[in-house]
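Visitor: Take a look at this one; I'll ask things after.
There are 2 protein chains.
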Amino acid sequence: MERRRRVPNPLALAVLAWLLWEPMHPYELGRRLKQTGKDRHIRYTRSSLYMVIEQLARAGFVTAQETVRDSARPERTVYAITEAGRHEVHDWLRSLLAQPREEYPHFAVALSLLSLLPPDEAVEVLRRRSAALAGRIEETRTTVDEARADGVAWIFLVEEQYSLALLEAERRFVIELIESLKQPDYAKSWQETMGGRT
Amino acid sequence: MERRRRVPNPLALAVLAWLLWEPMHPYELGRRLKQTGKDRHIRYTRSSLYMVIEQLARAGFVTAQETVRDSARPERTVYAITEAGRHEVHDWLRSLLAQPREEYPHFAVALSLLSLLPPDEAVEVLRRRSAALAGRIEETRTTVDEARADGVAWIFLVEEQYSLALLEAERRFVIELIESLKQPDYAKSWQETMGGRT
DNA sequence: ACTCCTTTAGTCAGCACTGACTATCCAGGA
DNA sequence: TCCTGGATAGTCAGTGCTGACTAAAGGAGT
Chain A
1 MERRRRVPNP
11 LALAVLAWLL
21 WEPMHPYELG
31 RRLKQTGKDR
41 HIRYTRSSLY
51 MVIEQLARAG
61 FVTAQETVRD
71 SARPERTVYA
81 ITEAGRHEVH
91 DWLRSLLAQP
101 REEYPHFAVA
111 LSLLSLLPPD
121 EAVEVLRRRS
131 AALAGRIEET
141 RTTVDEARAD
151 GVAWIFLVEE
161 QYSLALLEAE
171 RRFVIELIES
181 LKQPDYAKSW
191 QETMGGRT
Chain B
199 MERRRRVPNP
209 LALAVLAWLL
219 WEPMHPYELG
229 RRLKQTGKDR
239 HIRYTRSSLY
249 MVIEQLARAG
259 FVTAQETVRD
269 SARPERTVYA
279 ITEAGRHEVH
289 DWLRSLLAQP
299 REEYPHFAVA
309 LSLLSLLPPD
319 EAVEVLRRRS
329 AALAGRIEET
339 RTTVDEARAD
349 GVAWIFLVEE
359 QYSLALLEAE
369 RRFVIELIES
379 LKQPDYAKSW
389 QETMGGRT
């Protein structure tokens, strides 16, 4: 049904989207990703950027346009999106939006092993998480507010709003979980089953 | 602060946790991961399992105990956790629980490019997502209910409860987003800014 | 004129990960 | 007795990704 992407790295999607706008050289692409803060939702390093662009070129989604050597500096190759690339952006975007992909958050793995920790230790670390989450929520909220104050339209902040929603849901979950762990029956049953371990 | 893990793959944590219980050979580990359904929150394939165990051995977190050739069958190497491995499980688990790690959900990337799609198309694909999310929520809920009915304690279902919380939060977000996209002013401003594209 | 730091720009070796493949045993049907 | 399919168990080539490195230019301070 969903055929594999030739270049599955999400960074590739961002690159293609920028090239939709105008041809650019890799470094410029990286700069824009950073400047617009879109790199917060993508695993981005300069080396993977170059790798991904190479893969996109191999797949025929972009083509090297010209190699400029503008007054010294290492030569920079300008890339342009192709027709196939345009199609790929739209198709990929639609499919990403329509179908929830299996995600593997680190926290879920940790939760599945929560029973290894003594109840009071579990409560302690989860309290720290809750505080950290509060910090992130605060942070995200202020970046959104500042952008809005600068006149940025809501549609360009929708991904921040999304992570905000997730962070808040997680925080509620953690707080509830802490309460459950504090119940004396949990401590008792943990003693009984895990009492003699390591 | 947080030093890099020698074997950062979360699958390694699950492996170590099972070996905490008793020594095992790789295939057995895989079987248990599948049987207990813990593989739903970890990217698991048999080949990566073998790779990860090799890495764990190199890092000194597990040791090959014996190579059994139990009446034919390819020989199976039984691995046991070491003292360093025990320490690693606890340390890693605590840090995963206490500090929210930067996650990069695919959906966030897609959302950051939502403005590329015409409003009605965006609404259409998001409706499909919402339906798919409802399906997943239903699914997760029934697996939890069935497990509870089988007498599984809540602490062993906490990770399912977590993904449930996230799925529900995402669903609420998507429904709200659809409403925003349906506002006529959005369609109008989209026309103005993106009218003449591709 | 010299040194030092930052920015710009890109490369690369080494390891991690995955899909595809190999090979054996056993149960059951024809 | 032979054949087939599924379960068991593991290997490997090819590609992807990351951290660490290179290198030149520009500017600031002395």
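Chains as they are written, first to last, in my numbering: chain A, 1 to 198; chain B, 199 to 396.
Don't be surprised by glycine CBs; every beta carbon is placed ideally from N, CA and C.
Looking at the C-beta of B:Phe305, does it have a partner C-beta in chain A at a distance below 8 Å?
Guide: yes
Visitor: Take the Cβ of B:Tyr277 as the centre, count every other Cβ of all protein chains shown within 10 Å, and call the residue buried at 16 or more, exposed below.
Guide: buried
Visitor: What's the C-alpha gap between B:Glu301 and A:Pro105?
Guide: 7 Å
Visitor: Does any residue of chain B bring its CB to less than 8 Å from the CB of A:Thr34?
Guide: Note that residue 34 of chain A corresponds to Lys in the displayed sequence, not to Thr. Not closer than 8 Å to any Cβ of chain B, the Cβ of A:Lys34 fails to qualify, so no.
Visitor: Can you find the residues in the same chain that come closer than 8 Å, C-beta to C-beta, to B:Ser269, ignoring five residues on each side of it along the sequence?
Guide: Residue placement at B:Ser269 cannot be trusted, given a pLDDT of 49 that sits under 50; what the coordinates show is reported in the next sentence. Closer than 8 Å at Cβ, skipping near neighbours: no residue.
Visitor: Chain B partners of A:Lys199, CB-CB under 7 Å?
Guide: Given that chain A is displayed from residue 1 to residue 198, the structure contains no residue 199 of chain A and the question cannot be resolved.
Visitor: Residues in the region 170-182 of chain A with C-beta within 8 Å of chain B's C-beta atoms, listed in sequence order?
Guide: Glu170, Arg172, Phe173, Leu177 and Ser180
Visitor: Which residue from A:Leu113, A:Tyr50, A:Ala57 and A:Leu33 puts its Cα closest to that of B:Thr234?
Guide: A:Leu113
Visitor: Can you find a C-beta in chain B that's less than 8 Å from the C-beta of A:Ala72?
Guide: Legend: pLDDT at A:Ala72 = 48, less than 50; position of this residue unreliable, value from coordinates given subsequently. No, its Cβ sits nowhere closer than 8 Å to a Cβ of chain B.
Visitor: Among residues of its own chain, excluding the 5 on either side of B:Arg204, which ones have a beta-carbon nearer than 6 Å to its beta-carbon?
Guide: So the qualifying residues of the chain are Ala257.
Visitor: My guess is that B:Val260 and B:Ile279 are in contact by the Cβ rule of under 8 Å, so how many angstroms apart are they, rounded?
Guide: 6 Å
Visitor: What does DSSP give as the partner residue(s) for A:Ala80 in the beta ladder?
Guide: A:Thr63
Visitor: Under 7 Å between beta-carbons, which chain B residues line up against A:Ser112? List them in chain order, please.
Guide: Lys236, His239 and Glu357
Visitor: Taking 8 Å as the cut-off, decide whether the C-beta atoms of B:Val372 and B:Leu324 are in contact.
Guide: yes
Visitor: For B:Ala262, is the classification buried or exposed, using 16 other Cβ atoms within 10 angstroms of its Cβ as the cut-off for buried?
Guide: exposed
Visitor: Could you tell me which chain A residues have their CB closer than 7 Å to the CB of B:Phe354, listed as they occur along the chain?
Guide: Ser115
Visitor: Do B:Tyr248 and A:Leu111 count as a contact pair if the criterion is CB distance below 8 Å?
Guide: no
Visitor: Less than 8 Å between CB atoms is the rule here; does B:Gln263 satisfy it with respect to chain A?
Guide: no
Visitor: Would you say A:Leu56 reaches chain B, if we count a Cβ-Cβ gap shorter than 8 Å as a contact?
Guide: no
Visitor: Measure the alpha-carbon distance for B:Met199 versus A:Glu139 and round it to whole angstroms.
Guide: Low confidence applies to B:Met199: its pLDDT is 47, below 50, so where it sits in the model is not reliable enough to give any reading.
Visitor: Is the beta carbon of A:Leu96 sitting closer than 8 Å to the one on B:Ala215?
Guide: Contact check for A:Leu96 against B:Ala215 fails: the beta carbons are separated by 8 Å or more.
Visitor: What ranges does the alpha helix (DSSP H) occupy inside the region 18-51 of chain A, keeping only unbroken runs of at least 4 residues that lie completely in it?
Guide: Listed in chain order, the alpha helix (DSSP H) elements of length 4 or more contained wholly in the region 18-51 of chain A are 26-35.
Visitor: Chain A beta carbons: is any one of them nearer than 8 Å to that of B:Arg346?
Guide: no
Visitor: Starting from B:Ala351, follow the alpha helix (DSSP H) in both directions and report where the run begins and ends.
Guide: First-last for B:Ala351: undefined, no H or E at that position.
Visitor: Name the chain B residues that come within less than 7 Å of A:Leu93, Cβ to Cβ?
Guide: Ala308, Leu311, Leu314 and Leu315
Visitor: Spatial neighbours of A:Tyr44 within its chain, please: CB distance less than 7 Å, with the 5 preceding and 5 following residues excluded, ordered by chain position.
Guide: Same-chain partners within the cutoff: Leu11 and Leu33.
Visitor: Quick one: give me the first and last residue of the alpha helix (DSSP H) that B:Ser310 is part of.
Guide: Careful: B:Ser310 lies outside any alpha helix (DSSP H) and carries neither H nor E.
Visitor: At 7 Å on the CB atoms, spell out the chain A contacts of B:Glu286, in chain order.
Guide: Those within 7 Å of B:Glu286 in chain A number zero; the least Cβ separation is about 12 Å.
Visitor: Less than 8 Å between the CB atoms is what I'm expecting for A:Arg136 and A:Leu166, so what's the real figure, rounded?
Guide: Actually they are not in contact, since the Cβ atoms of A:Arg136 and A:Leu166 sit about 10 Å apart, beyond 8 Å.
Visitor: Taking a contact to mean a Cβ-Cβ separation below 8 Å, would you say B:Ala385 touches B:Pro317 in this structure?
Guide: yes
Visitor: What do you reckon, are the CB atoms on A:Leu133 and A:Glu160 nearer than 8 Å?
Guide: Contact flag unset, no.
Visitor: Along chain B, which residues have their Cβ under 8 Å away from the Cβ of A:Leu133?
Guide: Pro298
Visitor: If we cut at 8 Å on Cβ distances, does B:Ala363 have a partner in chain A?
Guide: For B:Ala363, the answer is yes, since a Cβ of chain A falls inside 8 Å of its Cβ.
Visitor: With distance defined between alpha-carbon atoms, name the residue in A:Leu13, A:Gln55, A:Ala122 and A:Glu146 nearest to A:Ala180.
Guide: The sequence given here has Ser at residue 180 of chain A, not Ala. Measuring from the Cα of A:Ser180, the nearest candidate turns out to be A:Ala122.
Visitor: Does any C-beta atom of chain A lie closer than 8 Å to the C-beta of B:Ala212?
Guide: Under the 8 Å criterion on CB atoms, B:Ala212 is classed as interfacial with respect to chain A.
Visitor: Compare the C-alpha of A:Ala153 against each of B:Trp388, B:Glu220 and B:Ala351 and name the closest.
Guide: B:Trp388
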